[in-house]
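Number of protein chains: 2
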Amino acid sequence: MSQAPAPRPTADLTEMLATRLPRITLRPAEPRYLEEPRGRYSAPSGMLALPRDTAEVAQIVAACGELGIGILPYGGGTGLVGGQVDQGGAMLILSLERMRAIRAIHPDENVLVAEAGATLAAVQAAAEGAGRLFPLSLASEGTAQIGGLLATNAGGVNVLRYGNARDLCLGLEAVLPDGRIWHGLRRLRKDNTGYDLRNLLIGSEGTLGIITAASLRLFPRPARRGAAMLVVPDPAAALALLTLAGGQIGAGIEAFELIGGAGPDFLREVMPEVRQPFATAPDWMVLIELGLGPAQDPAEALEQLFVAAHEAGLVEDGVIAQSEAQRAEFWTLRESIPEANRKIGAVSSHDIAVPLSSVPEFIARADAALAGMGDMRINCFGHLGDGNLHYNVFPAKGRSRHDYEALRPAIKEVVHDLVHALDGSVSAEHGIGRLKVADLERYGDPVKLDAMRAIKAALDPAGIMNPGAVLRAELRTGVTPRPGGTG
Amino acid sequence: MSQAPAPRPTADLTEMLATRLPRITLRPAEPRYLEEPRGRYSAPSGMLALPRDTAEVAQIVAACGELGIGILPYGGGTGLVGGQVDQGGAMLILSLERMRAIRAIHPDENVLVAEAGATLAAVQAAAEGAGRLFPLSLASEGTAQIGGLLATNAGGVNVLRYGNARDLCLGLEAVLPDGRIWHGLRRLRKDNTGYDLRNLLIGSEGTLGIITAASLRLFPRPARRGAAMLVVPDPAAALALLTLAGGQIGAGIEAFELIGGAGPDFLREVMPEVRQPFATAPDWMVLIELGLGPAQDPAEALEQLFVAAHEAGLVEDGVIAQSEAQRAEFWTLRESIPEANRKIGAVSSHDIAVPLSSVPEFIARADAALAGMGDMRINCFGHLGDGNLHYNVFPAKGRSRHDYEALRPAIKEVVHDLVHALDGSVSAEHGIGRLKVADLERYGDPVKLDAMRAIKAALDPAGIMNPGAVLRAELRTGVTPRPGGTG
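Below, the structure written as structure tokens:
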């Protein structure tokens with residue numbers, strides 16, 4: 001019943017596909033397609049397909065279906081859970097990087113239609129060029145592509161106000177596992193005609209189809225922006241500050257980031273060029289960003305918030321950005337933390353979410369549990385407004401992550417068990433990929449898992465779409481082998 | 001291959017279920033469960049099940065699965081497409097009206113957990129009691145229930161700012177067609193652990209499972225509200241006004257409703273008690289509502305908008321509400337239009353959406369096409385901010401809808417063909433139900449339809465969940481008849 005697609009030698013795969021698809025670029029994949037950023041997963045080699053349009057994607061998918069070849073959908077390659085790496089080297093790597101057109105912009109509708117290979121930065125720039133905002137924003141935006149961002153339902157720093165990637169998508173064009181094209185590029189805000197196939201594909205990590213284009217929501221650009229770095233005594237105070245800010249400022253809050261003391265410390269250690277707002281790194285800071293209308297002054301709103309929060313004992317110190325340059329500095333600090341983390345080298349990283357009111361309890365209990373396991377440093381930061389923390393564990397200063405290899409599984413288990421006990425998620429924004437398949441089996445609802453397996457079997461009966469990601473690879477029984485395939 | 005579940009005499013059905021479910025209330029359904037509001041669909045009789053908790057719902061679904069009995073999920077009964085009516089009288093009507101608890105409110109998380117039988121008004125009141133806003137709002141909110149609102153992905157007047165029902169739901173508890181309970185009542189803003197089963201159930205109109213409870217998003221209550229009725233020369237001006245307002249006010253726009261001249265005319269004719277802001281009904285009005293923070297004055301913002309719009313020739317006249325009472329009057333007018341429509345009796349009603357920039361073209365072309373078909377009145381109104389119009393066709397004054405029976409199919413076809421040509425939706429917010437199954441087959445994307453059928457067959461292989469709604473009823477081949485069932 002359960003069996004991964006048989007590994008094939010690359011030459012064999014190439015030959016079969018090249019015969020079947022004479023006009024499509026197929027070539028051995030360069031190293032960058034074979035490794036994920038943290039170096040946890042890599043493939044020995046691979047064959048890369050570079051279609052130029054949706055029809056070619058459909059031909060590739062159909063051919064792979066017939067030949068029984070697994071397809072590895074590859075976006076910008078910035079995923080952190082190994083969804084884009086085929087360790088067996090037997091799948092066809094399918095990159096839509098040549099399909100990067102902005103097909104249309106409708107500023108009066110606040111809609112933009114982009115092909116899957118367009119980078120997030122390109123889409124942001126196109127929106128800006130039309131006087132609009134595409135609010136998805138995350139550290140890898142220069143490389144990450146729309147197709148991958150939707151396939152993984154990316155989050156980032158502006159979810160609080162604008163939602164996750166799925167909330168920013170109005171319609172999709174996609175190739176389904178049978179090689180047919182779904183023309184679902186709607187530009188509608190309301191459309192109740194049948195099941196929500198759009199949201200089913202979004203977040204399915206390429207296991208149910210290949211997104212080839214998307215119509216995306218744009219927004220008016222906030223007329224005035226402002227930001228502040230506020231020092232809070234603890235995470236509970238940061239939460240209370242968020243509620244206070246919600247009452248004072250409402251929908252104008254664009255981001256609300258919690259930054260634990262280790263972040264600035266790490267930056268001082270490995271990226272001293274990053275400017276810091278406080279001479280000594282506070283234990284906890286909040287980076288709050290406002291986007292307001294033309295009649296409102298963000299600095300004034302932040303000043304009022306600071307005064308009220310200070311009186312309530314929620315804020316101890318703070319800096320309100322006095323210029324665009326200073327606002328940019330705050331964000332450089334925030335967005336440099338993942339890079340500092342990579343330089344130091346995490347023992348175990350956790351992309352978790354818990355119900356908002358459980359955030360302080362989670363941090364306190366996780367810190368306490370890990371303190372008893374060894375000498376480690378914890379860098380806890382993230383999107384507090386979404387209850388989403390990156391709770392990452394590092395070696396003590398002067399030691400290496402390799403000293404902790406043996407501890408890693410226990411650390412992850414402690415953190416994830418606690419998240420689960422608090423009714424949280426062990427993958428808030430990074431997805432399941434290959435890294436967390438076992439976690440999903442352990443912590444996921446069994447009824448939902450069975451429903452997922454049934455949906456996967458129904459839409460991809462041959463199991464060719466990113467096999468091994470999200471769900472264990474299975475070649476289904478009862479599927480008639482197709483001509484040329486191995487069944 | 002295609003075959004509806006065999007109709008059963010009610011007595012037979014009762015007996016079998018009563019034996020199987022001795023502790024669950026089963027009784028003949030009163031007339032209110034057998035008819036939809038417009039009187040287009042009715043059932044001769046029916047058997048009603050009234051479970052008290054989720055476990056009982058699961059028992060009912062399991063029993064119906066074993067016995068091969070179709071289940072008709074029944075919410076508030078306010079649906080407009082016949083999804084809640086079984087004309088054959090052979091299904092079990094399943095109402096969750098006894099399951100109406102507000103299970104929890106977390107004001108600090110902006111989350112509320114409600115059972116499916118809670119009315120929208122009850123959820124709104126509970127949120128208000130906690131100082132929060134549940135923004136879903138529509139004419140039938142006193143009767144419509146959370147389960148039905150989610151199953152149909154209800155829209156309403158505040159979609160522009162807060163989204164459709166699916167955007168307001170963080171998690172679900174549901175009974176799947178195999179009678180098992182999915183415990184998915186998450187309270188998380190980010191959770192990328194597997195396929196989006198939540199959004200698949202939302203909008204599936206009870207054909208993939210029974211929603212038993214939901215965790216819902218709350219929002220801060222806008223500190224200050226304001227509204228205006230503005231007279232615009234035409235729909236294109238109304239759209240330009242929306243863009244202008246977006247630039248001036250941003251996220252503070254809570255609703256933006258277009259009201260064609262027939263609405264006020266109809267109200268004068270059949271509901272003269274409804275107060276009107278203008279002595280003569282303008283051809284086109286916009287009702288705009290703002291929800292702002294404590295530091296902003298909505299009347300001032302509306303005044304500024306009026307001045308700028310008047311200068312640009314977008315607005316001819318207007319009234320800004322000077323009190324809460326006057327704001328309520330504006331909404332009474334807007335929300336009374338459906339009731340006036342019912343009193344007059346539509347020949348054909350259309351709940352359509354087109355891309356925002358195509359709205360003026362749609363109205364002009366539909367008006368022109370219908371003008372050539374006979375003497376009719378058109379009441380066009382709706383949620384312009386969402387591109388969603390209720391484009392309803394009525395008899396000429398003094399004539400009856402029955403005079404137009406023969407014309408109705410042609411009218412619907414003209415309107416829906418035009419919507420389709422403009423890349424729109426023939427069911428923007430009301431769903432497919434039984435009324436629009438053929439429309440979905442005609443206008444829907446065939447690849448999506450096949451995917452929907454595959455998903456339906458995978459999750460509900462026996463076809464017991466609301467058979468005949470959304471998709472044609474099918475008893476699948478290859479399903480082994482279960483003990484006691486007819487297969």
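Protein sequences appear in the order of chains A and B. Residue numbers in the first sequence follow UniProt numbering, run continuously in steps of one, and reach 487 at the last position. Residue numbers in the second sequence follow UniProt numbering, run continuously in steps of one, and reach 487 at the last position. The C-beta atom is built at its ideal place from N, Cα and C for all residues, glycine as well. Model, not experiment: these values are computed from the prediction.
In the structure shown, the three-state DSSP call for D317 of chain B is strand.
Identification of chain A residues near S348 of chain B by a Cβ-Cβ cut-off of 9 Å yields none; the smallest Cβ-Cβ distance measures about 18 Å. Among the residues of chain A, those whose CB is under 7 Å from the CB of K448 of chain B are W182, G184, G194 and L197, following chain order. Of the residues assessed, P177 of chain B falls on the buried side of the cut-off, its CB having 16 or more other CB atoms within 10 angstroms. For a cut-off of 8 Å, the C-beta gap from R100 of chain B to A127 of chain B is around 15 Å, too long to register as a contact. Taking a cut-off of 8 Å on C-beta distances, the region 340-347 of chain B does not touch the region 329-344 of chain A, as fewer than three cross pairs fall below it.
The count of Cβ pairs closer than 8 Å, one atom from the region 189-199 of chain A and one from the region 229-243 of chain A, stays below three, leaving the stretches out of contact. In the DSSP assignment, G129 of chain A falls within the alpha helix (DSSP H) that extends over L120 to G129. DSSP places N153 of chain A outside both helix and strand once states are collapsed to three, so it counts as coil. Excluding the 5 residues flanking it on each side, G163 of chain B has no same chain C-beta neighbour closer than 6 Å. Nearest C-alpha to G171 of chain A among A:A165, A:L185, A:R180 and A:I181: A:L185. Among the residues facing chain A, G226 of chain B is not included, as its CB has no counterpart in that chain under 9 Å away. Along the region 107-121 of chain A, going in chain order, the ones with a CB nearer than 9 Å to a CB of chain B are P107, D108, E109, N110 and V111.
Closest in C-alpha terms to V359 of chain B, from the list B:G382, B:R377 and B:S349, comes B:G382.
Within chain B, the residues whose beta carbon sits less than 8 Å from that of L440 of chain A are T193 and G194, listed in sequence order. Using a Cβ-Cβ cut-off of 9 Å, Q87 of chain B does not count as an interface residue toward chain A, since no Cβ of chain A sits closer than that to its own.
In terms of Cα proximity to A228 of chain B, the closest of B:A213, B:F256 and B:T207 is B:F256. In this structure, P294 of chain A places its C-beta atom within 9 Å of the C-beta atom of R224 of chain A. Fewer than three pairs of CB atoms, one per stretch, sit closer than 8 Å, so the region 257-265 of chain B makes no contact with the region 401-418 of chain B.
Within chain A, no residue has its CB atom less than 7 Å from the CB of G313 of chain B, the nearest being about 17 Å off. Scanning its chain for C-beta atoms nearer than 6 Å, with the 5 sequence neighbours on each side dropped, one finds around E56 of chain B the residues I24, in chain order. Under the rule that a run must span 4 or more residues, the alpha helix (DSSP H) segments found entirely inside the region 42-91 of chain B read 54-67. For V157 of chain A, the CB contacts under 6 Å within the same chain, skipping 5 residues up- and downstream, are S137 and A255 in chain order. If you draw a 10 Å sphere on the C-beta of F306 of chain B, you find 16 or more other C-beta atoms in it, and that means buried. In the structure shown, E97 of chain A falls within a coil segment according to DSSP collapsed to helix, strand and coil. The C-alpha of L208 of chain B is placed about 22 Å away from the C-alpha of S425 of chain B. Considering only B:A62, B:L244, B:L112 and B:V61, the residue with the shortest C-alpha distance to R103 of chain B is B:L112. Using a Cβ-Cβ cut-off of 9 Å, H383 of chain B counts as an interface residue toward chain A, since at least one Cβ of chain A sits closer than that to its own. Here E141 of chain B is buried, its C-beta having at least 16 other C-beta atoms within 10 Å. Among the CB atoms of chain A, one or more fall inside 9 Å of the CB of M452 of chain B.
Taking the C-beta atoms as reference points, A301 of chain B is found nearer than 9 Å to I249 of chain B.
Going by DSSP, G247 of chain B is part of the alpha helix (DSSP H) stretching over P235 to I249.
The three-state reading of DSSP puts G252 of chain B in helix, counting H, G and I together.
With contact defined as three or more Cβ pairs closer than 8 Å, the region 434-442 of chain A and the region 361-374 of chain A are not in contact. DSSP, read as helix, strand or coil, puts M376 of chain B in strand. Only those residues of the region 248-271 of chain B whose C-beta falls short of 9 Å from the nearest C-beta of chain A are listed: Q248, I249, G250, A251 and G252.
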